[in-house]
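First the structure, in the form of structure tokens, and then the observations on it.
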Amino acid sequence: MSRDDEALVTIATFTTSFEASLARGALEAVGIAAVVPGEESGTFSTYSRNRGDPAVSVLQVLESDRDRAVAELRRRQMHIAGPRSD
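Residue 169 is where the sequence shown starts when you use my numbering, and the numbers rise one by one after that.
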């Protein structure tokens, strides 16, 4: 499978899009491509958990980069998401 066909996985959640953007920048600084959905459009959209929980901003990376990205966020003492249960 090429990286173009690889799935994005959510590795962290944040209560603000600003925090998500900082984490994205931290990963990109060490060569890990990351996205905050909605950020590129300038809307800073958020995902809702659809259970009455507050909306959150998510940080996603390619599945093959997951372990390295999680390790980098932990090294920087940033919040790491558990598995989402939709």
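No residue lacks a Cβ here, since even glycine has one placed at the ideal position from N, Cα and C. Predicted model, so just to flag it, every value in this text is computed and none were measured.
- [ ] Using three-state DSSP, classify Arg219 as helix, strand or coil.
- [x] Confidence is the limiting factor: at Arg219 the pLDDT is only 49, short of 50, which leaves the residue's position unreliable, though a coordinate-based value still follows. Coil, per DSSP.
Open item on the list: Please state the DSSP three-state secondary structure of Val273.
Closed with: With the chain covering only 169 through 254, there is no way to say anything about residue 273.
Task: Backbone secondary structure at Glu240 - three-state DSSP - done: helix
Open item on the list: Are the CB atoms of Glu174 and Glu240 within a distance shorter than 8 Å?
Closed with: no
Open item on the list: Judging by CA-CA distance, which residue of Met246, Val226, Arg243 and Arg242 is the nearest neighbour of Val177?
Closed with: Here the closest residue by C-alpha is Val226.
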